[in-house]
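The structure appears right after this line, and notes come after that.
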Amino acid sequence: MKRIIKKTACILLAGIMASCSDDFLGIKPLSIYTPESIYINAKGFEGVMVTLRKNLRVDFYGNVGGIGCELIASDMAVGANKEQNAIHNFDTQVLTTGTGSNYDFHEIWGRAYNQVRNANVALSRIDQGEFNSDEEKNAIIAEAYFHRAYWYYRLVHLFGDVPFLNKEHTAPKIDFYTHSRQTILDKIAQDMEFAVEWLPEDVVPGAIPQGAGYHLLAKIYLASGRFSDAAKAASDVIGSGKYELMKSRFGKYKSDSKYNVIWDLHQKENKSLDDNREALIVVQDRYGFPSESAEVGGGTSAMRKYVPSWWQNYILDPDKKRGMIDTQGNPLIIQLGRGVGYVRATYYHNYIIWTDGTDLRHDSQVNWWPVEKFYYNNPTSSYYGQPVTTLQTSTPVDTIHCWYPFPYYKVYVEDEERPEQPYGGHSDWYLYRLAETYLLRVEAYFWQGDLDKAMADLNEVRGRANAELLTDPSDVTIEYILDERARELFAEEFRKSELTRIAYIMAEKGLNGYSLSNFSTKNYWYDRVMAKNEFYRAGNILWGPNIFKVSPFHILWPIPSSAISTNVGGVINQNEGYVGTDKNQPPLTVIDDSQ
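Basically the working numbering = 1-based index in the sequence shown + 1.
Okay, structure coming up:
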C-alpha cells in the first residue's frame, strides 16, 4: 500500500513539473468531494463510520499486529522469531524512536490517533448535516463516541497519560498537552453513557451494536474503579436477551461429529453468522475484498504468527537426517501452515492453566495441537509419518521458536492465496464476544467482594467449555480470573492492556504494596509477567547477543519522540524510564475544545 501511494505521488509530481502552460496557474477545483459536500446527511457520515469500522481489524492481521505486540508484552507470550529486529529485549529495543519492523509499538499510537481524528471529523461536523430524525443523528454520534472511546481505552493502558483530542483540527496544530489517564477515562465514560442510549440493537456485520457499547463501557468503568457500574453495564449485555453463549453446534461443521461447539465458534465461516449469538463485534475480512479494504494484505497470518517454526531443517530424525520440511503441497504444511513463531506462547499458557482433562479448549483430538501430534513429514526420511518421539535439533535453544503446542482451533485459517504453503488466510475475527462480557462481570463482582456471583459467571464460561466447575467461592482470585481469560481469549484480548488496567486498580487501592507513587518501578504487571513468563524470567536463553528482558517501567510504552519533538508549542509528557522525562509537566485534568 505504501509503495502504491509513493508511486502515485511521484507521478503527480512529475505531471506538475512537466506542465509549463499559463493555464497551469489557473485555480481549478480538484474535486467536488469536499467535506462540505460530503458531510451533509446520514449517507455522507456513513463513509466515516465504514472507515472507523474497517480500521478496527488491523490489529489482528499481518505478521504480528497490535494483538501480537500486546501478547509479547505480557505473561502469555514472547517474540520467538530469530530476526534481530524482532522484540526480545525491551530495554534496548522498545525506544522512544521506534521498535522493530515486525513489532512496531508506535504503529499503534499512530493508528489510534488517526482513528480519533476520523471520529472527531464526524463529531465536529454533525451539526452541519440534515437528518431524518434525532435518532438517526444520535446514532452517528454514538458510534463516533464508541470508536474514540475504544482507542482511548487502548491508549491509556499502553501509554498512560496522553493528549485528548476533543474536536477535528483543520489546520496544523503544534501545541498539544497531556491529559491525565483518569480525566480521559471520565470523559470516555460520559461519552459512552450517551452512546449506549443511541447505538442500535441490530446492525450489519462489522458495525457497532448497543451490546458492544455496554461491553466497552464495562471496561471503562472497571478501569475507573466503578465496579458496581461495570457489573450493571455487563449485565445490560448478558441480560438483554439478544446474546447468549453458544453451547450447541452451529455453522459449517455442525453435522460433523468429529468437531465440537468450541471448534464451531472459532471457524471463519461461522463468526459472522446470524446463528452465532455470542458475537458482539466481529471485524470483517474476506478473501476477495478490494485491496484497499485489506491494508495489511495477506489476511490474518495467524498460522505464521502463532504456529512454531516446526518445519526447520535443524529438526532431525533418529538417523540425524532432516525430518521436517515446508515443501508446498506437503500434507502437514497444508494442515499447520508455515509458522515462524512471531508470537510464542509461554509454558504458563501452554500447560499451567489447563487443570483438568475435560476442557474442550485444550482438547487434543480436535482443538489443541500438542507437540505429540507432530510427525516426520519429510518423504525422504526413513521415519516418514511416524511421531516425533525424541526431538533432536542442532541446538536446544532452537526449540523456543520451533517446538511448542498451540490452540489449533483458533489459529487455523484456510489460506486461499497460498493454499499449498499457508500463512493463515482471510477471516473475520472477534473483537468483542459475550464470553469476555461474562469475565468482565466476574471481575466487577470480585472487586466488590461478591465471590458467589463471580463464581457463577466463571462457571458459565467454564461449563460451556466442559471444564470442571468451581465449587468454592474462595477460589475466585484475580489470578484465577486472569487464568480464565487466558484460556478463553487467547489471540482475542489485548492482554497487556488488561494487565495494565488491573495494575492501575491495585495501585490505586494500595493492594500488595503497590502505589501510584512508584508505579514505574513496582507494579502488578511486571510482577505477574516475571512470575508467569519463563523467558523474561530466565533472560539469556536466546540466540546470539539478544536476551529476553522487560523492566517494571515497560508497563507503559514510550511516547514516540517524534510526537513530542514536533509539538513545539505545547508539552506531551514522556513516560518514566525513557529519555525525555525532564520536560514533563503535570497533566491536564480538564478537557475542552482547545485541544
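Beta carbons: idealized from backbone N, C-alpha and C, even for Gly.
Note that the structure is predicted; figures quoted are calculated from it, not measured.
- Inter-segment contact for the region 125-144 and the region 185-196 is present: three or more beta-carbon pairs are separated by less than 8 Å.
- Following the DSSP letters along the chain, one finds residue 432 in no alpha helix (DSSP H) but inside the beta strand (DSSP E) bounded by residues 430-434.
- In the DSSP assignment, residue 479 falls outside any beta strand (DSSP E) and within the unbroken alpha helix (DSSP H) covering 479-490.
- In the DSSP annotation of this structure, residue 280 is not part of any alpha helix (DSSP H); the continuous beta strand (DSSP E) holding it starts and ends at 280-284.
- Checking the DSSP bridge columns, you'll see residue 345 partnered with 79.
- Remark: C-beta atoms of residue 502 and residue 223 approach each other more closely than 8 Å.
- Here the region 280-290 makes no contact with the region 253-264; the two share fewer than three CB pairs at distances below 8 Å.
- For the pair residue 518 and residue 215, the Cα-to-Cα distance works out to about 32 Å.
- Contact between residue 97 and residue 581 holds: their C-beta atoms lie close to 6 Å from each other, under 8 Å.
- In the three-state reduction of the DSSP assignment, residue 62 falls in the coil class, being assigned neither a helical nor a strand state.
- Nearest in C-alpha terms to residue 95, of all of 70, 117, 118, is 70.
- Note on geometry: alpha-carbon atoms of residue 92 and residue 255 lie some 48 Å from one another.
- Distances from the alpha-carbon of residue 424 to those of 239, 329, 119, 39 put 329 closest.
- Between the region 335-348 and the region 65-84 there are three or more C-beta pairs closer than 8 Å, enough to call the two in contact.
- The Cβ atoms of residue 370 and residue 363 lie no closer than 8 Å to each other.
- As DSSP reads the structure, residue 90 sits in a beta bridge with 550.
- DSSP places residue 498 inside the alpha helix (DSSP H), whose first and last residues are 496-510.
- DSSP places residue 530 inside the alpha helix (DSSP H), whose first and last residues are 525-533.
- Selection 446, 475, 485, 450 evaluated against residue 465 yields 485 as nearest (Cα-Cα).
- Every candidate beta strand (DSSP E) stretch fails here, since none sits fully inside the region 246-271 while reaching 3 residues.
- According to the DSSP assignment, residue 146 belongs to the alpha helix (DSSP H) that extends over 135-159.
- Collapsing the DSSP output to three states places residue 129 in a helix.
- Straight across, the Cα-Cα distance linking residue 185 with residue 139 is about 22 Å.
- Here residue 282 is buried: its Cβ has 16 or more other Cβ atoms, across all protein chains shown, within 10 Å.
- Residue 99 is bridged by DSSP to 96.
- Taking all protein chains in view, the Cβ of residue 446 is crowded by 16 or more other Cβ atoms within 10 Å, so the residue is classified as buried.
- The alpha-carbon separation between residue 596 and residue 497 amounts to approximately 28 Å.
- About 5 Å separates the beta carbon of residue 347 from that of residue 534, a gap short enough to meet the 8 Å contact definition.
- Only residues of its own chain outside the window of five on either side were considered, and among them 46, 49, 141, 145 have a CB closer than 7 Å to the CB of residue 123, listed in chain order.
- Among the bridge pairs identified by DSSP, residue 163 is matched with 180.
- Selection 489, 400, 178 evaluated against residue 433 yields 489 as nearest (Cα-Cα).
- Around the Cβ of residue 182, a 10 Å sphere holds 16 or more other Cβ atoms; the residue is buried.
- In the three-state scheme derived from DSSP, where H, G and I count as helix and E and B as strand, residue 419 is classed as coil.
- According to DSSP, residue 323 shares a beta bridge with 317.
- By the Cβ-count criterion, residue 275 is exposed, with fewer than 16 other Cβ atoms from all chains shown falling within 10 Å of its own Cβ.
- Residues 79, 80, 543, 547, 548, 549, 550 of the same chain have their beta carbon placed closer than 8 Å to that of residue 89, with the five preceding and five following residues left out of the count.
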